[in-house]
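Participant:
Residue numbers (our numbering), protein chains in the order written: chain W, 306 to 392; chain H, 245 to 1001.
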């Protein structure tokens, strides 16, 4: 079971719950499961068919360019973080 | 120093002469402003004399009527951008804001904001025509710092901005115009309990100034909008593909109709990612039917191109009696400039990133103010944050009578440490950089004399991966033409060629790298984020492996055997029966063995392992003037594997010097009307060789497992520690703990005088 870490600013929507284990095989599925538990949270993470602008998904500490399509496996950690560029 | 036994590389770790060296030192290298095209026009721009004003009247008719003027443009000549966000390689950009930054719409939001442009037969006619543009303003009150701009009664810059992530009762608004563009929030553990259990707690407030990247070469663009609808842009840029996309999006033409040709670049440091000039020059070219060149002067660069944000930061840290950090809390407000988009996210992610902290909270705000739209600058957001955290940690070390290196080692983040923003680190070299400084001759040496002090500080940057492409053509003489899309700022032609050569087992000098235009290579993200040697390096390794595979197949034809009987070993191919051909011998036979061999490689990793640096500085403070002299400076950095050690040292030294500028001198001076008063390099005081000693660089090598040779980006981390290290040194020299950047003589004198009272 992968673990979705709920962004701290969204924990008002999860009654303080900070993480959720999911059976998902992709990030999109994980968000769907998350939304099943905490209806409405999806709109804070997804816009249309993509992650919201300015957000990136990190899997086990590594940003993924595949966004919602990124595969996840058991024991993976999923984080939603601000996008990073650089100078 | 290396943490692992390194493979016996032949090319990596050597110091070959850079491939572009001769052109650079003989003055033959071509920069953007060197371009001359047949029939080319020169352009000049009208810029706002106010920091905040409504444009009530704009009449360009007299300018258009001036003999020699071929075209005049304002924002009305550009297509409407609507309300859309576009992914531009390093994140999404609000196109309406980007367009209004290129040429102001109904309001000007900072001193120097571009309003109109003229193309004429000469630059003098163009400048004269700009003077003939009639414009009237309704001047509005400016707001110039984040804390003021966050107040509900503050003038609001943009009517379309709402607070993303708004929390009831907090700064900003979810449904009314506000300057507070977004809120970032991270939390882990229980900080209330952490602070309750702490033996020592230190809390301080910090202010950092708006600072410019200070690249030597001004922005420039020469554009031809051809009769066939194709647009060619010659320019100085950190990323041809993002420049192409921004230009195409702003003109609302297909991206494939734009070709960006990269000229040599005289520095960028993050400031040459956004476009300012190409769309304007393109529209002037379209209207005039002629190529148009637009070049900023120094004042325009300082007035109107992205600086790094000024900031307010409050940090509170609690430790137990041993110095172990058990709670930390931070509040950050970064100035976005005229439009949302400061690096508040990375700032919040970086502020506690060097340490293993069980209970932590970070809250940050992106705030619009009447200054130029901020842009990336080496480790964007991290230097401000490091200044705050690293000085507070030193204060705690003093209270606990701990060595500053030891408190950092006690708390150092390591593999498995969970950052406050959530993820755990993979293999990192934070502790190793502190150990390198602790064990250095510099740190171990005495520092005698009055008013002298030593300080250390650590910094972190993520380093990004992103996308790169490389194409390599094998020539019959056994040399390789290597095409890449990464503009070369710090010697990356050579560092990429070295990885390619190492993979094939050939001399670096036999690889001829070229940076080519957007029609000649696959998509490549910007030279920024400390990514080029890492990511384009991976693409080059993949291209070399592609060539290896093709050469195995050609050798099999030569020996009339099957590829599985051939191996590529040590710069040549070997058959299972013992026959061998060198790379050059096989290259000479290619035309008889099936024709050209072209290797291709791409990379698409979004991230690399993060990198850390620890710096040590000795200063002497003049108690009569407050002037700080840097006596000695040593910087240790984890670079994974140093491909070309001279370039790694150069990046460390350059970053450290820029950080010294942040620390001691550099700041934008705005008057009460919001007008920038130091838009020249005489008055915007950057360090020169008279101000800094030789920076001793210690290369620490903790290989990044996500790169075939263990590379970590090196370009950004070295700017992070200097302000904090120098503040700590000043505190140790004269007993005043500075909390404002820059720590210029008047500010230090003020603190010294307070101390005497």
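A virtual CB, placed ideally from N, CA and C, is assigned to each residue, including glycine.
All of these numbers come straight from a predicted model, not from anything done at the bench.
Between which two residues does the beta strand (DSSP E) harbouring residue 324 of chain W extend?
Facilitator: Position 19 of the first chain, counted from the first residue, corresponds to residue 324 of chain W. Start and end: 324-327.
Participant: Out of curiosity, what's the CA-to-CA distance linking residue 378 of chain H and residue 290 of chain H?
Facilitator: As a first step, residue 378 of chain H must be located in the second chain, where it is residue number 134. As a first step, residue 290 of chain H must be located in the second chain, where it is residue number 46. Those two C-alpha atoms are separated by around 10 Å.
Participant: Hey, how far is the Cα of residue 642 of chain H from the Cα of residue 878 of chain H?
Facilitator: Your numbering for residue 642 of chain H matches position 398 in the second chain. Your numbering for residue 878 of chain H matches position 634 in the second chain. Using only the alpha carbons, I get a separation of about 22 Å.
Participant: Chain H beta carbons: is any one of them nearer than 7 Å to that of residue 380 of chain W?
Facilitator: As a working mapping, residue 380 of chain W is identified with position 75 in the first chain. So no, residue 380 of chain W is outside the interface.
Participant: Going along chain B in order, which residues have a C-beta closer than 8 Å to the C-beta of residue 329 of chain W?
Facilitator: Looking at the structure shown, chain B is missing, and the protein chains on hand are W and H.
Participant: Kindly say whether residue 366 of chain W, judged by its beta-carbon, lies nearer than 7 Å to any beta-carbon of chain H.
Facilitator: For this step, residue 366 of chain W is matched to residue 61 along the first chain. Yes, residue 366 of chain W counts as interfacial toward chain H.
Participant: Going along chain H in order, which residues have a C-beta closer than 8 Å to the C-beta of residue 351 of chain W?
Facilitator: The residue given as residue 351 of chain W occupies position 46 in the first chain. Going along chain H, no residue has its Cβ under 8 Å from residue 351 of chain W, so there is no contact; the nearest lies around 14 Å.
Participant: Alpha carbon to alpha carbon, how far is residue 907 of chain H from residue 279 of chain H?
Facilitator: Walking along the second chain from the start, residue 907 of chain H turns up at place 663. Walking along the second chain from the start, residue 279 of chain H turns up at place 35. In a straight line, the C-alpha of residue 907 of chain H is about 37 Å away from that of residue 279 of chain H.
Participant: Is the distance from the Cβ of residue 409 of chain H to the Cβ of residue 427 of chain H below 7 Å?
Facilitator: The residue you call residue 409 of chain H lines up with position 165 of the second chain. The residue you call residue 427 of chain H lines up with position 183 of the second chain. Yes, they are a contact pair.
Participant: Taking 7 Å as the CB-CB cut-off, is residue 358 of chain W touching chain H?
Facilitator: Here residue 358 of chain W refers to the residue found at position 53 when the first chain is read from its first residue. Yes - at least one Cβ of chain H is within 7 Å of the one on residue 358 of chain W.
Participant: Rounding to the nearest angstrom, what Cα-Cα distance links residue 500 of chain H and residue 343 of chain W in this structure?
Facilitator: Mapped onto the second chain, residue 500 of chain H falls at position 256. Mapped onto the first chain, residue 343 of chain W falls at position 38. Rounded to the nearest angstrom, the two C-alpha atoms are 43 Å apart.
Participant: Identify every run of the alpha helix (DSSP H) within the region 638-677 of chain H, keeping only runs that are complete inside it and at least 4 residues long; order them along the chain.
Facilitator: For the region 638-677 of chain H, whole alpha helix (DSSP H) runs of length 4 or above, ordered along the chain, are 648-655.
Participant: Is it the case that the Cβ atoms of residue 773 of chain H and residue 372 of chain W are separated by a distance below 7 Å?
Facilitator: For the purposes of this step, residue 773 of chain H is identified with residue 529 of the second chain, where counting begins at 1. For the purposes of this step, residue 372 of chain W is identified with residue 67 of the first chain, where counting begins at 1. Contact: no.
Participant: Under a Cβ-count criterion, where at least 16 other Cβ atoms within 10 Å of its own Cβ denotes burial, should residue 938 of chain H be classed as buried or exposed?
Facilitator: Position 694 of the second chain holds residue 938 of chain H. Exposed: under 16 other Cβ atoms inside 10 Å.
Participant: Specify the secondary structure class of residue 821 of chain H as computed by DSSP and reduced to three states.
Facilitator: As a working note, residue 821 of chain H is residue 577 in the second chain. Coil.
Participant: Leaving out five residues before and five after residue 770 of chain H in sequence, what residues of the same chain have Cβ atoms less than 7 Å from its Cβ?
Facilitator: Here the question's residue 770 of chain H lines up with position 526 in the second chain. Closer than 7 Å at Cβ, skipping near neighbours: 333, 334, 482, 483, 486, 517.
Participant: Can you give me the Cβ contacts of residue 869 of chain H inside the same chain, cut-off strictly under 8 Å, excluding the 5 residues immediately before and after it?
Facilitator: On the second chain, residue 869 of chain H is found 625 positions in, with the first residue counted as 1. Answer for residue 869 of chain H: 989, 993, listed in chain order.
Participant: Kindly indicate which three-state DSSP category residue 790 of chain H falls into: helix, strand or coil?
Facilitator: The residue you call residue 790 of chain H lines up with position 546 of the second chain. In this structure, residue 790 of chain H counts as helix in the three-state DSSP scheme.
Participant: Name the chain H residues that come within less than 9 Å of residue 376 of chain W, Cβ to Cβ?
Facilitator: Here residue 376 of chain W refers to the residue found at position 71 of the first chain. Result: empty, since nearest Cβ-Cβ is about 14 Å, beyond 9 Å.
Participant: Check the Cβ of residue 896 of chain H against every Cβ in chain W and list those closer than 7 Å, keeping chain order.
Facilitator: Taking the second chain and counting its residues from 1, one reaches residue 896 of chain H at position 652. In chain order: nothing, as chain W lies at least about 15 Å away.
Participant: Under 6 Å Cβ to Cβ from residue 312 of chain H, same chain only, skipping five residues before and after it: list those, please.
Facilitator: Within the second chain, the letter at position 68 stands for residue 312 of chain H. Closer than 6 Å at Cβ, skipping near neighbours: 364, 365, 369.
Participant: Under 6 Å Cβ to Cβ from residue 348 of chain H, same chain only, skipping five residues before and after it: list those, please.
Facilitator: Working through the second chain from its first residue, we reach residue 348 of chain H at position 104. Only 357, 359 meet the Cβ criterion.
Participant: So which residues of chain W does residue 668 of chain H contact, with C-beta pairs closer than 9 Å?
Facilitator: Indexing the second chain from 1 puts residue 668 of chain H at position 424. Per Cβ cutoff of 9 Å: 365, 366, 382.
Participant: If I measure Cβ to Cβ from residue 682 of chain H and keep anything under 7 Å in the same chain, skipping five residues before and after, which residues do I get?
Facilitator: Translated into positions along the second chain, residue 682 of chain H becomes position 438. Within the same chain, residue 682 of chain H has close Cβ partners 649.
Participant: Which runs of the beta strand (DSSP E) spanning at least 3 residues fall entirely within the region 417-493 of chain H, listed in chain order?
Facilitator: 424-432, 444-452, 464-469, 475-479, all fully within the region 417-493 of chain H.
Participant: Would you mind telling me which residues of chain H sit closer than 7 Å to residue 310 of chain W, beta carbon to beta carbon, in chain order?
Facilitator: Here residue 310 of chain W refers to the residue found at position 5 when the first chain is read from its first residue. Those are 666, listed as they occur along chain H.
Participant: Using a Cβ-Cβ cut-off of less than 7 Å, list which residues of the region 779-800 of chain H approach chain W; keep chain order.
Facilitator: Listed by position along the chain: nothing, the set is empty.
Participant: List, in chain order, every chain H residue whose beta-carbon is nearer than 9 Å to that of residue 369 of chain W.
Facilitator: Here the question's residue 369 of chain W lines up with position 64 in the first chain. Under the 9 Å cutoff, chain H gives 850, 851.
Participant: Below 8 Å on the Cβ atoms is my contact criterion, and I expect residue 402 of chain H with residue 385 of chain H to pass it. Report the Cβ-Cβ distance as a whole number of Å.
Facilitator: Taking the second chain and counting its residues from 1, one reaches residue 402 of chain H at position 158. Taking the second chain and counting its residues from 1, one reaches residue 385 of chain H at position 141. The Cβ separation is near 15 Å, so there is no contact.
Participant: Roughly how many angstroms lie between the CA atoms of residue 980 of chain H and residue 1000 of chain H, to the nearest whole one?
Facilitator: Counting from one through the second chain, the residue named residue 980 of chain H turns up at place 736. Counting from one through the second chain, the residue named residue 1000 of chain H turns up at place 756. Distance between the alpha carbons of residue 980 of chain H and residue 1000 of chain H: 11 Å.
Participant: If the cut is a Cβ gap below 7 Å, which residues of chain W does residue 708 of chain H touch?
Facilitator: Along the second chain, read from residue 1 onward, the residue named residue 708 of chain H stands at position 464. Going along chain W in sequence order, the residues near residue 708 of chain H (Cβ under 7 Å) are 389, 390, 391.
Participant: Name, please, each residue of chain H whose Cβ falls closer than 8 Å to the Cβ of residue 307 of chain W.
Facilitator: Here the question's residue 307 of chain W lines up with position 2 in the first chain. The contacting residues do not exist; residue 307 of chain W stays about 14 Å from chain H at best.
Participant: Can you find the residues in the same chain that come closer than 6 Å, C-beta to C-beta, to residue 931 of chain H, ignoring five residues on each side of it along the sequence?
Facilitator: As a first step, residue 931 of chain H is located in the second chain; it is residue number 687 there, counting from the start. Excluding positions up to five away in sequence, the list reads 901, 904, 905.
Participant: Three-state secondary structure (DSSP) at residue 977 of chain H?
Facilitator: If you number the second chain from 1, residue 977 of chain H lands on position 733. It is helical.
Participant: In angstroms with no decimal places, state the Cα-to-Cα distance between residue 509 of chain H and residue 731 of chain H.
Facilitator: On the second chain, position 265 is the one that residue 509 of chain H refers to. On the second chain, position 487 is the one that residue 731 of chain H refers to. Rounded to the nearest angstrom, the two C-alpha atoms are 8 Å apart.
Participant: Which parts of the region 573-615 of chain H are runs of the beta strand (DSSP E), unbroken and 3 residues or longer, counting only runs that do not cross its ends?
Facilitator: Runs of the beta strand (DSSP E) inside the region 573-615 of chain H: 604-612.
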